[in-house]
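I have placed the structure first, in the form of structure tokens, so that the comments after it can refer back to it.
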Amino acid sequence: MKPKIIFFIVLLSVALNSAAQEIPTGDILVRNATVLTITDGTLENSDVLIQDGIIAAVGKQLSAPQDVSVIDATGMYVMPGIIDAHSHIGISNVNESSAPVTAQVSVGDVLNPYSIAIYRALAGGVTSSHVMHGSANVIGGQNETIKHRWGLLDPDELRMAGAPRTIKFALGENPTRVHGRGNNKRPASRMGVEYVLRETFAKAERYREAWAQYEEDIKTNPRAIPPAYNSQLEIMVDILNGDIMIHCHSYRADEILMLLGVLEDFGIDQITLQHVNEGFKIAPELAEFGATASVFADWWGYKFEVYYSTAYNAAILTRNGVLTSINSDSGELNRHLYHEAAKSQKYGDLTDDEALALITINPAIQLGIGDRIGSIEVGKEGDLAIFDRHPLSVYAINQKTVVDGIVYFDIEKDADDMRLIVNPESTVDTTVLHSHENTHQCLYEGSLDLYDFLESN
Amino acid sequence: MMSLLYSLLTATVLLITPFSKKTDTVTALTNTRIVTVTQGTIENGTVLIQDGTIIQMGTDIDIPEDARVIDLEGLSIYPGMIDSGTQMGLVEVGSLPETRDASELGDLSPQMKALTAVNPNGVAIPVTRVSGVTTVLTVPSGGMLPGQAALINLHGYTPQQMFAGFEGVVLRFPATGRRGRFDSRSEEDIKKAADEAMKKLNDTWDSAELHHRIDSTYQSRPEDGRRQEYVPSMEALRDVIRGEQTLIIHVNTSKDILAAIEWVQTRGIERVLFSGLAEGWRVADKIAEAGIPCLVGPVLSIPTRQSDRFDKAYKNAGLMHAAGVKIALRSDDTANVRNLPYHAGFAAAYGLPPEEALRAVTINPAEFFGVDDRLGSLEVGKEATFFVADGDPFETTTTIHHVFIAGYEIPMESRHTQLYEEFLQRTPGLHKHNQD
Numbered sequence: 000m001k002p003k004i005i006f007f008i009v010l011l012s013v014a015l016n017s018a019a020q021e022i023p024t025g026d027i028l029v030r031n032a033t034v035l036t037i038t039d040g041t042l043e044n045s046d047v048l049i050q051d052g053i054i055a056a057v058g059k060q061l062s063a064p065q066d067v068s069v070i071d072a073t074g075m076y077v078m079p080g081i082i083d084a085h086s087h088i089g090i091s092n093v094n095e096s097s098a099p100v101t102a103q104v105s106v107g108d109v110l111n112p113y114s115i116a117i118y119r120a121l122a123g124g125v126t127s128s129h130v131m132h133g134s135a136n137v138i139g140g141q142n143e144t145i146k147h148r149w150g151l152l153d154p155d156e157l158r159m160a161g162a163p164r165t166i167k168f169a170l171g172e173n174p175t176r177v178h179g180r181g182n183n184k185r186p187a188s189r190m191g192v193e194y195v196l197r198e199t200f201a202k203a204e205r206y207r208e209a210w211a212q213y214e215e216d217i218k219t220n221p222r223a224i225p226p227a228y229n230s231q232l233e234i235m236v237d238i239l240n241g242d243i244m245i246h247c248h249s250y251r252a253d254e255i256l257m258l259l260g261v262l263e264d265f266g267i268d269q270i271t272l273q274h275v276n277e278g279f280k281i282a283p284e285l286a287e288f289g290a291t292a293s294v295f296a297d298w299w300g301y302k303f304e305v306y307y308s309t310a311y312n313a314a315i316l317t318r319n320g321v322l323t324s325i326n327s328d329s330g331e332l333n334r335h336l337y338h339e340a341a342k343s344q345k346y347g348d349l350t351d352d353e354a355l356a357l358i359t360i361n362p363a364i365q366l367g368i369g370d371r372i373g374s375i376e377v378g379k380e381g382d383l384a385i386f387d388r389h390p391l392s393v394y395a396i397n398q399k400t401v402v403d404g405i406v407y408f409d410i411e412k413d414a415d416d417m418r419l420i421v422n423p424e425s426t427v428d429t430t431v432l433h434s435h436e437n438t439h440q441c442l443y444e445g446s447l448d449l450y451d452f453l454e455s456n
Numbered sequence: 000m001m002s003l004l005y006s007l008l009t010a011t012v013l014l015i016t017p018f019s020k021k022t023d024t025v026t027a028l029t030n031t032r033i034v035t036v037t038q039g040t041i042e043n044g045t046v047l048i049q050d051g052t053i054i055q056m057g058t059d060i061d062i063p064e065d066a067r068v069i070d071l072e073g074l075s076i077y078p079g080m081i082d083s084g085t086q087m088g089l090v091e092v093g094s095l096p097e098t099r100d101a102s103e104l105g106d107l108s109p110q111m112k113a114l115t116a117v118n119p120n121g122v123a124i125p126v127t128r129v130s131g132v133t134t135v136l137t138v139p140s141g142g143m144l145p146g147q148a149a150l151i152n153l154h155g156y157t158p159q160q161m162f163a164g165f166e167g168v169v170l171r172f173p174a175t176g177r178r179g180r181f182d183s184r185s186e187e188d189i190k191k192a193a194d195e196a197m198k199k200l201n202d203t204w205d206s207a208e209l210h211h212r213i214d215s216t217y218q219s220r221p222e223d224g225r226r227q228e229y230v231p232s233m234e235a236l237r238d239v240i241r242g243e244q245t246l247i248i249h250v251n252t253s254k255d256i257l258a259a260i261e262w263v264q265t266r267g268i269e270r271v272l273f274s275g276l277a278e279g280w281r282v283a284d285k286i287a288e289a290g291i292p293c294l295v296g297p298v299l300s301i302p303t304r305q306s307d308r309f310d311k312a313y314k315n316a317g318l319m320h321a322a323g324v325k326i327a328l329r330s331d332d333t334a335n336v337r338n339l340p341y342h343a344g345f346a347a348a349y350g351l352p353p354e355e356a357l358r359a360v361t362i363n364p365a366e367f368f369g370v371d372d373r374l375g376s377l378e379v380g381k382e383a384t385f386f387v388a389d390g391d392p393f394e395t396t397t398t399i400h401h402v403f404i405a406g407y408e409i410p411m412e413s414r415h416t417q418l419y420e421e422f423l424q425r426t427p428g429l430h431k432h433n434q435d
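For the record, the sequence lines run as chains A and B. Using numbering that gives the first Met the number 0, the letters of the first sequence correspond one by one to residues 0 to 456. Using numbering that gives the first Met the number 0, the letters of the second sequence correspond one by one to residues 0 to 435.
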């Protein structure tokens with residue numbers, strides 16, 4: 000290798016390392032808690048030691064290394080930081096609703112570290128969110144998996160470095176309303192949704208073939224002409240190649256079966272279905288495909304495609320072998336995902352570990368980060384939530400939230416006003432009444448008319 | 000004269016409301032912990048019901064020989080929970096206008112009656128009642144004076160059978176807050192709109208007061224005058240002005256709450272409930288001083304201001320109670336009114352004393368709505384409207400085993416349980432019939 004190239008590689012790796020090291024990590028010893036490991040049972044009177052942001056030891060009466068801050072958690076419950084597999088917090092835009100396919104855009108480009116919703120999620124014990132593009136388009140934009148490092152002001156510092164890329168798809172009422180009925184553009188029906196999917200994947204296959212052909216040709220022909228670069232199809236090819244995970248907003252059983260058929264035809268074997276209110280109807284098919292499901296605990300009835308719902312969805316899916324998580328899709332619900340998970344005990348009698356897995360290890364697996372977060376295990380990242388009672392009790396209150404070994408939320412040090420920035424032009428802090436945050440955020444900017452309608456009535 | 004007539008009318012309405020079960024067989028619920036709410040908790044007791052009414056209750060009860068006995072094996076009986084703000088029966092599918100009957104055209108329609116539009120077959124009704132919520136206020140919502148809310152029991156084949164004895168005129172008080180994150184009006188525009196709305200409200204009320212005076216004069220000496228023009232909206236407000244009908248004022252922002260208190264006092268309105276109160280905690284002492292009962296909620300919501308602590312909405316009810324405000328809770332929901340116990344649970348977790356949280360979904364709203372002679376607690380002579388639970392009704396681990404509404408034993412089924420039964424182990428499973 001030429002020295003010049005080696006120099007650049009060294010320079011690049013130094014740059015990458017220093018970028019990675021910019022994320023602060025901490026050392027903490029949590030003492031004498033009931034530790035809900037999720038993957039390895041519940042440990043009474045046990046400690047969790049985090050060093051350099053990584054869980055270094057879990058056990059009884061661990062010795063505290065020097066300079067490690069100790070949290071006495073006697074009588075408290077420590078669980079892995081909660082993971083929200085469907086969120087729209089901490090971004091300035093949700094939908095690029097100008098076309099039914101917008102694979103080339105990414106919400107990672109509009110991260111907003113000042114969003115108070117990040118802090119409020121932390122207060123509820125949530126340490127990571129899968130921040131998603133909205134549901135206006137059949138193939139929406141790319142999502143971003145973030146960690147709630149409140150107070151770090153560089154948007155890049157919110158990203159969970161190394162988390163797999165994911166993209167939002169959407170079936171059913173939303174894309175057909177926004178594009179078909181809204182803009183007189185396909186899709187206007189579920190037939191059209193399938194057509195948009197198949198057409199786009201077929202074009203991506205052609206595009207991939209054309210580039211493969213060019214790579215072949217250029218070996219023998221220096222004058223070979225490359226295909227025209229297409230930013231959208233580049234992303235679609237990454238999906239075909241399995242480099243981007245699909246998270247698809249979907250409700251009805253029929254449209255989900257359609258999607259599975261399309262994926263099968265294009266050789267894609269990974270899919271997480273989002274919302275999936277009728278997933279319970281086709282749980283055996285989902286299990287056979289290996290599809291996973293991220294559902295609401297109990298939301299239903301707000302539109303026709305969720306009219307035939309059951310709050311027992313998570314339990315039916317779990318009992319049929321479908322890996323399932325419970326998500327929020329809301330800046331209110333994400334503050335009590337532990338309570339949403341607890342509803343799976345009312346609706347289907349899931350065990351404590353099964354219920355808690357819905358908001359920890361299961362969403363982690365769905366985001367491709369199950370080896371890094373989602374359970375309390377040595378070697379995993381030091382993300383914890385510390386509750387005063389068992390987190391499945393309605394009376395439980397999160398006391399401290401730890402990310403990378405750093406306490407980012409402490410209820411005892413929680414001031415009234417936790418904003419990082421105050422608009423100097425605003426005469427008063429404006430009151431916002433029961434707002435869209437309390438409802439589904441998928442359609443922000445895509446089509447607010449529905450929500451304006453609901454709100455104004 | 001008029002109030003006598005009104006009383007007669009009301010009495011007639013109550014008489015034709017068929018609350019009682021048309022059977023005289025006694026049902027005995029034995030071996031149960033009776034959480035009466037108003038008279039303490041009775042361990043190991045028995046409740047006798049007949050004709051839809053609690054006829055005896057206590058530890059030393061003689062059970063008639065022909066009674067139907069349900070041994071509750073130590074489970075607890077609670078009075079049915081009351082949600083003080085929903086759109087139950089008025090809205091079937093939120094996004095479909097054809098299935099929404101909660102709002103009429105126009106700003107001023109206080110004569111519209113929610114009870115008229117209650118669909119007794121709404122799918123959310125069984126979904127709600129199997130969770131122990133037996134009674135809800137269902138509230139119309141369009142414009143400034145959208146109509147009259149109605150208290151309904153979640154069982155019955157006609158709206159009249161469901162009617163639980165209270166209606167109130169709803170006023171959405173002129174609001175100075177933003178309607179949501181995407182309400183991008185300037186502060187000037189918001190103020191202007193609120194000022195215009197206030198003027199409209201005052202003009203309307205002036206007219207209604209005038210209408211009331213002319214009508215009173217005519218009623219006292221009908222032979223001397225001519226009856227005034229028929230204006231249905233004014234007739235509805237006239238009942239409020241005369242103190243014969245309750246005014247439910249929907250108000251949230253602290254500034255608006257203070258304005259509403261002043262407005263109520265200036266207008267001398269006798270029967271008033273406030274509803275919403277998202278920022279009630281900010282002016283709780285003023286509300287307490289005014290003595291206006293409050294229908295607070297939803298508890299499960301985000302703070303109204305970016306600068307507020309994350310848990311202010313959860314703490315709101317507790318802070319208001321501590322200041323001396325009389326409160327009931329509401330979910331402000333339709334599909335998920337079943338979560339009322341969790342709104343109460345969160346309020347309790349964040350400072351409302353648990354026994355007060357229970358009162359806020361039982362006896363308090365019953366008193367506010369003037370139906371505490373029949374609902375809101377377990378007492379001899381009250382309606383047999385209750386549920387049986389194996390634990391704290393605010394916890395998700397608790398199962399509701401039985402629900403009775405006015406003596407009728409409710410099937411513990413809903414769309415949600417039926418789909419569970421059908422699909423937990425679907426038949427056929429993965430393969431088609433002919434491939435099995």
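Each residue gets a CB set at the ideal place from its N, CA and C atoms; glycine is no exception. For clarity, every value in this text was computed on a predicted model and none was experimentally measured.
| Item | Value |
| --- | --- |
| Which value, in whole angstroms, describes the spacing of the CA atoms of Gly121 of chain B and Tyr407 of chain B? | 18 Å |
| Does the beta-carbon distance from Ala334 of chain B to Ala113 of chain B come in below 9 Å? | no |
| Can you give me the Cβ contacts of Val402 of chain B inside the same chain, cut-off strictly under 6 Å, excluding the 5 residues immediately before and after it? | Arg128, Phe386 and Ile409 |
| Using three-state DSSP, classify Pro17 of chain B as helix, strand or coil. | Reliability fails at Pro17 of chain B, whose pLDDT of 39 lies under 50, so the model's placement of it is uncertain and no value is given. |
| Using 10 angstroms around the beta-carbon of Leu377 of chain B, count the other beta-carbons present and answer buried if the total reaches 16, otherwise exposed. | buried |
| Quick one: grab the DSSP three-state call for Pro340 of chain B. | helix |
| Please report how far the alpha carbon of Asn338 of chain B lies from the alpha carbon of Leu299 of chain B, in whole angstroms. | 10 Å |
| Kindly indicate which three-state DSSP category Leu121 of chain A falls into: helix, strand or coil? | helix |
| Starting from the C-beta of Ile364 of chain A, find all residues in its chain whose C-beta is less than 8 Å away, skip the five residues before and the five after it, and write them out in chain order. | Thr291, Leu322 and Gly373 |
| Measuring only between beta-carbons, confirm whether Val77 of chain A sits less than 9 Å from chain B. | no |
| Does DSSP classify Val109 of chain A as helix, strand or coil? | helix |
| Near Glu382 of chain B, which residues of its chain fall below 7 Å by C-beta distance, leaving aside the five closest residues on each side in sequence? | Phe18, Gly51, Thr52, Arg373, Leu374 and Ala405 |
| So if DSSP puts Thr400 of chain A in a beta bridge, which residue, or which two residues, is it bridged to? | A:Ala384 and A:Phe408 |
| To the nearest angstrom, how far is the alpha carbon of His435 of chain A from that of Asn43 of chain B? | Legend: pLDDT at His435 of chain A = 40, less than 50; position of this residue unreliable, value from coordinates given subsequently. Going from the Cα of His435 of chain A to the Cα of Asn43 of chain B covers about 47 Å. |
| Taking 9 Å as the CB-CB limit, is Ser108 of chain B close to chain A? | no |
| Considering only the alpha carbon of each residue, which of B:Pro392, B:Leu71 and B:Gln147 lies closest to Gly164 of chain B? | B:Gln147 |
| Just reading off the beta strand (DSSP E) that His210 of chain B is part of, what are its end residues? | Premise fails: His210 of chain B lies in the alpha helix (DSSP H), Glu186 to Ser219, not in any beta strand (DSSP E). |
| Just grab the DSSP bridge partners of Met131 of chain A for me. | BP columns for Met131 of chain A are empty, so no partner. |
| Take the Cβ of Arg358 of chain B as the centre, count every other Cβ of all protein chains shown within 10 Å, and call the residue buried at 16 or more, exposed below. | buried |
| Could you work out which residues of chain A lie near Val92 of chain B, taking near to mean beta carbons separated by less than 8 Å? | Gly300, Tyr301, Lys302, Phe303 and Tyr306 |
| Can you find a CB in chain B that lies within less than 9 Å of the CB of Phe279 of chain A? | yes |
| May I ask you to list, following chain order, the residues of the stretch 102 to 130 of chain B that have a beta carbon less than 9 Å from some beta carbon of chain D? | Absent from the structure: chain D. Protein chains present are A and B. |
| Check whether chain A comes within 9 Å of Ile247 of chain B, counting only Cβ atoms and requiring the distance to be less than that. | no |
| Strictly under 9 Å for the Cβ-Cβ distance: is Gly89 of chain A near chain B by that measure? | no |
| With a threshold of 8 Å, are at least 3 pairs of Cβ atoms found where one atom belongs to the stretch 321 to 334 of chain B and the other to the stretch 291 to 305 of chain B? | yes |
| Give the straight-line distance between the Cα atoms of Gln417 of chain B and Ile27 of chain A, rounded to the nearest whole angstrom. | 48 Å |
| To the nearest angstrom, report how far apart Gln305 of chain B and Arg371 of chain A are at their CA atoms. | 32 Å |
| Along the chain, where does the alpha helix (DSSP H) containing Asp71 of chain A start, and where does it finish? | Segment Ser68 to Asp71 is the beta strand (DSSP E) holding Asp71 of chain A; no alpha helix (DSSP H) there. |
| Do Gly80 of chain A and Ser127 of chain A have their C-beta atoms closer together than 9 Å? | yes |
| Among A:Glu21, A:Met244 and A:Arg158, which residue has its Cα nearest to the Cα of Val109 of chain A? | A:Arg158 |
| Quick check on DSSP: helix, strand or coil for Leu246 of chain B? | strand |
| Verify the CB distance criterion: does Phe367 of chain B have a CB-CB separation below 9 Å to chain A? | no |
| What whole-angstrom Cβ distance do Leu351 of chain B and Gly317 of chain B have, given they're in contact under 8 Å? | 4 Å |
| Quick one: is Lys345 of chain A near chain B, going by C-beta distance under 9 Å? | yes |
| Between Asp70 of chain B and the rest of its own chain, which residues show a CB-CB distance below 8 Å, the 5 nearest in sequence each way excluded? | Thr29 and Asn30 |
| Quick check on the DSSP output: what are the complete alpha helix (DSSP H) runs of length 4 or more inside the stretch 277 to 328 of chain A, in order along the chain? | 282 to 288 and 312 to 318 |
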